[in-house]
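Once you know that position 39 of the sequence shown is 39 in the UniProt record's numbering, the rest is easy, because the numbers rise by one and skip nothing.
Reviewing the structure listed below.
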Amino acid sequence: MKVLGNKYLQLGEWCLHLFLLNCLWFMFSLIGGFFLGVFPATVALFAVLRKLTMEPEVEVRIFHLFWTTYKSEFIKGNLLGYVWAVIGGAILIDVRVLHQVETTFIHQALTIALYLLLVLYVFITFYLFPIFVHYNLRFLEYYKYAFVLVIGRPIKTILLIASMLLIYFLFSLIPGLIPVFGVSFIGFVMMKMTSSSLMKNNHSHIEEVESFS
1 MKVLGNKYLQ
11 LGEWCLHLFL
21 LNCLWFMFSL
31 IGGFFLGVFP
41 ATVALFAVLR
51 KLTMEPEVEV
61 RIFHLFWTTY
71 KSEFIKGNLL
81 GYVWAVIGGA
91 ILIDVRVLHQ
101 VETTFIHQAL
111 TIALYLLLVL
121 YVFITFYLFP
131 IFVHYNLRFL
141 EYYKYAFVLV
151 IGRPIKTILL
161 IASMLLIYFL
171 FSLIPGLIPV
181 FGVSFIGFVM
191 MKMTSSSLMK
201 NNHSHIEEVE
211 SFS
């Protein structure tokens, strides 16, 4: 009975954390005018989630860690996010253009290749921010290492995609959950499922951020 009570307390604590993180993500995205705030807020969200999931024995000052990460990673977070967004936009434009071209064998081959590239792009996206808050890498290496994990952990990647689909159906059934846990719960599942693929590192972004606090 005591064990069950502890589980309920842990569940309630996690719900509170996710609600607070969801509020912080929306607030700091708006502080940056959304276009300049969304990616640093996402980095800060994953930084806190990493600390909560991978170091549960450590007491986390959520607002402080979120704010210091948001400030310190503002430029780099925007650069990481918008470079990746531009690449994704270019792939989508190519797909739309190919749909308007006369169908030939080469056209069909290019269309299949682009759709496969689009799927790979989505897979890499799920690993990108967890890697960013976990490792100190050169800029392009974040994309490279995300690609390596997609290829090297195919079962984990498939489970991650399945989890995202389940979350999509859950939010479709209960849309009221989106403003309460929407972004933070997605981030939590991504961080939780990728954390086992990320080796403990003594030079992670989070430790660097805390060293300035």
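Even for Gly, the Cβ is constructed at its ideal location relative to N, Cα and C.
This structure is a prediction, so every number in the text was calculated from the model and none was measured.
Query	Result
Reference P130, options E57, L117, Y142, F171, closest by Cα	Y142
Local Cβ density within 10 Å of P40, reported as buried at 16 or more and exposed below that	buried
Rounded separation between M193 and H99 - CA only	35 Å
Span separating the alpha-carbon of F28 from that of I93	30 Å
Among G176, L16, L165, nearest to L52 - alpha-carbon criterion	L16
Check whether V122 and F19 have beta carbons under 8 Å apart	no
Segment contact flag, the stretch 42-57 with the stretch 170-189, C-beta cutoff 8 Å, min 3 pairs	yes
Secondary structure of S184, DSSP reduced to three states	helix
Own chain partners of T157 with C-beta closer than 6 Å, once the 5 adjacent residues on each side are dropped	F123, V150
Extent of the continuous alpha helix (DSSP H) to which L160 belongs	154-173
For H17, the three-state DSSP class (helix, strand or coil)	helix
Burial state of I31, where buried means 16 or more other Cβ atoms lie within 10 Å	exposed
Test item: CB-CB of M191 and R50 under 8 Å	yes
Pairwise C-alpha distance: P175 and W67	28 Å
Nearest residue (CA-CA) to S197, options L165, R138, L128	L128
C-alpha gap between N78 and W25, whole angstroms	14 Å
Endpoints, alpha helix (DSSP H) assigned at H99	74-99
Buried versus exposed, by CB contacts within 10 Å (16 or more), G37	buried
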